[in-house]
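Undergrad: The numbering used here numbers the first residue of the sequence shown as 423 and each following residue consecutively.
Note that CB positions come from ideal geometry on N, CA and C, so glycine has one too.
Keep in mind it's a predicted model, so treat the numbers as computed, not measured.
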Amino acid sequence: MLIAEEVQNNNKMDITDGLELDNNEFIDIKHDDNDEELTSDAVDDEIMDNWTEGVNESDVNIVYDQEIIICLMQKCRDLISMIKRSTIITLFFDNERKKKNINRNLCYDVKSRWNSTYCMIDSFLYLREVIDKLFNCKHQLHLRPKQVAKLSGFEFTSNDWMILSQLHLVLRPFFHATKAMSGRRYPSIGIAFYLLTRLKYFLQHHEKKESLMVKHFKQLLLAKFLYYFETDDEQMSLLKVHAYFDPVGFATLTDVEKRSVQQSISIMVADETSYLTELTTTSLPITTSIITTNTTNESNLHETSSTSAINLFNEAIGETAYEGSTISQNTKATIINDIYNYRNYVTRFNLKHKPDIALSSIFWQSYGQQLPILGKLAQKMLSIPSTSVPSESCFSVSAFLGRKERARLTGENLSTSVFLKDKIIL
423 MLIAEEVQNN NKMDITDGLE LDNNEFIDIK HDDNDEELTS DAVDDEIMDN WTEGVNESDV
483 NIVYDQEIII CLMQKCRDLI SMIKRSTIIT LFFDNERKKK NINRNLCYDV KSRWNSTYCM
543 IDSFLYLREV IDKLFNCKHQ LHLRPKQVAK LSGFEFTSND WMILSQLHLV LRPFFHATKA
603 MSGRRYPSIG IAFYLLTRLK YFLQHHEKKE SLMVKHFKQL LLAKFLYYFE TDDEQMSLLK
663 VHAYFDPVGF ATLTDVEKRS VQQSISIMVA DETSYLTELT TTSLPITTSI ITTNTTNESN
723 LHETSSTSAI NLFNEAIGET AYEGSTISQN TKATIINDIY NYRNYVTRFN LKHKPDIALS
783 SIFWQSYGQQ LPILGKLAQK MLSIPSTSVP SESCFSVSAF LGRKERARLT GENLSTSVFL
843 KDKIIL
């Protein structure tokens, strides 16, 4: 039996609501006409989110393998729902978990989140013995005939367990990728690009020992992966620009992608320089007009002659361009040097370090002063996290601390508490 130890117990949704037995004896509970056993499907306990709105569940091009997966996932969700709604089944399930010293429980998934489907499948594989015991003892639980028939419809065959194991293997990288992008250390977009690239590689390449079913599952996931991540060219281009400034993301980019990003960076720097130059030149006439309103015509003539003399001097020494143009040329030369040095620094840096979330901070703390222009751009690019999870967590913590019934904090103390919450070890 395939069991994953990566999923923590406290991340699971408990379906029992704290119902446990005081002994380890077999359950013998009789029901009467007033028993609150629910057999209808009127209540939908499935977890939905906003992302489900854009998911097309009525795809006419569904293949046979997809149909098998859909039916099996729905069977898992329906079984969880039935266990949750039935007091008798819940007590039996909890008692069997208690006998085997298992703290984990079955958990729902969200249809649009592949990592959550992995968690649901993982919980089923972990509790396989308990689930099989439930089906074997269903006639001894004093359930209504209608409930027994319904529970029998959810019984898992050996083929069902094999499919769950194969899905567990294919979805496992998505679970770990989501966990890496949702950490507290604000993973950068460069890390996200690295993870997405490696996921794509995982789906595109097949090992010799892989079964035919696993290969089919990978092909199905690859089609959806490309649809959601690579159909938007603007989004992918922006992702690559941000990834360029992260050592991990830089190592993932191809040579063609690196050259394309470097051209974009040069244009960004040139546009910013031209904007500053234009801002400087447009402010000069305003200053001149103010001076002329407070001076005589003789002063204006003197100013004009002085300016002309300066121009003649500059021409005599071969300095025909304005200072703004000189700054632009120097900046262009500097950005080329920065890009050249950055490629050398980051290549050597990646040879000494394995991919990690903290590498971008370590690299720019070491080489930021030697790359003045790219360093400023890196601050902007790397300040954007790969997901909104850290920000949402921050708002959740602030809402928790800011509740009046919990504490009366000023705005300054509240912000300090939120900032220091994950940095102070009590």
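Relative to the C-alpha of V678, which residue among I689, V663 and C541 is closest?
TA: Comparing Cα positions, the closest option is V663.
Undergrad: Taking 7 Å as the limit between beta carbons, can you name the residues of its chain near S793, skipping five residues before and five after?
TA: Here residue 793 is Leu; the residue named in the question, Ser, does not match the sequence. These residues qualify, in order along the chain: D760, N763 and Y764.
Undergrad: Using DSSP with H/G/I as helix, E/B as strand and the rest coil, what is S534?
TA: Reduced to three states, the DSSP call for S534 is coil.
Undergrad: Could you compute how far the alpha carbon of K555 sits from the alpha carbon of L549?
TA: Spanning the two alpha carbons is a distance of roughly 10 Å.
Undergrad: Between the region 635-644 and the region 653-669, do three or more beta carbon pairs fall short of 8 Å?
TA: Counting Cβ pairs under 8 Å, fewer than three are found: no touch.
Undergrad: Starting from the Cα of V570, find the closest Cα among F557, L547 and G671 and give me that residue.
TA: Measuring from the Cα of V570, the nearest candidate turns out to be F557.
Undergrad: Can you find at least 3 beta carbon pairs, one from the region 670-688 and one from the region 803-810, that sit closer than 8 Å?
TA: Output reads no: the region 803-810 does not touch the region 670-688.
Undergrad: Taking only three categories from DSSP, how would you classify P609?
TA: Coil at P609, not helix or strand.
Undergrad: Count the other C-beta atoms from every protein chain shown that fall within 10 angstroms of the C-beta of K522, then say buried if there are 16 or more, exposed otherwise.
TA: Label assigned to K522: exposed.
Undergrad: Check this for me: beta carbons of N527 and S545, under 8 Å apart or not?
TA: Taking 8 Å as the Cβ cut-off, N527 and S545 qualify as a contacting pair.
Undergrad: Tell me P930's beta-bridge partners as DSSP assigns them.
TA: Residue 930 lies beyond the stretch modelled for the chain, which goes from 423 to 848, so this question has no answer here.
Undergrad: According to DSSP, simplified to helix, strand and coil, what is R566?
TA: Of the three classes helix, strand and coil, the one that applies to R566 here is coil, per DSSP.
Undergrad: For N581 and S538, what's the separation of their Cα atoms in angstroms?
TA: So the two alpha carbons sit approximately 22 Å from each other.
Undergrad: Quick check on S782: buried or exposed, where buried means 16 or more other Cβ atoms within 10 Å of its Cβ?
TA: When all chains shown are included, S782 counts as buried.
Undergrad: Select from S659, K630, L675 and I757 the residue whose C-alpha is nearest the C-alpha of D693.
TA: Checked all of S659, K630, L675 and I757; the closest Cα to D693 is I757.
Undergrad: Does V485 come out as helix, strand or coil in the three-state DSSP assignment?
TA: Three-state DSSP puts V485 in coil, outside helix and strand.
Undergrad: Is the distance from the Cβ of G612 to the Cβ of A645 below 8 Å?
TA: No; because the gap between Cβ atoms is not below 8 Å, this pair is not in contact.
Undergrad: Just the Cα atoms here: how many angstroms apart are F785 and S604?
TA: One C-alpha to the other measures close to 21 Å.
Undergrad: For F647, name the three-state secondary structure that DSSP assigns.
TA: Note: F647 maps to helix in three-state DSSP.
Undergrad: For Q588, collect the residues of the same chain with a Cβ closer than 8 Å to its Cβ; drop the 5 residues on either side in sequence, then sort them by chain order.
TA: Only S633, M635, V636 and F639 meet the Cβ criterion.
Undergrad: Under three-state DSSP, which class holds E834?
TA: Helix, per DSSP.
Undergrad: With H, G and I counted as helix, E and B as strand and the rest as coil, what does DSSP make of C529?
TA: DSSP places C529 in coil when its eight states are reduced to three.
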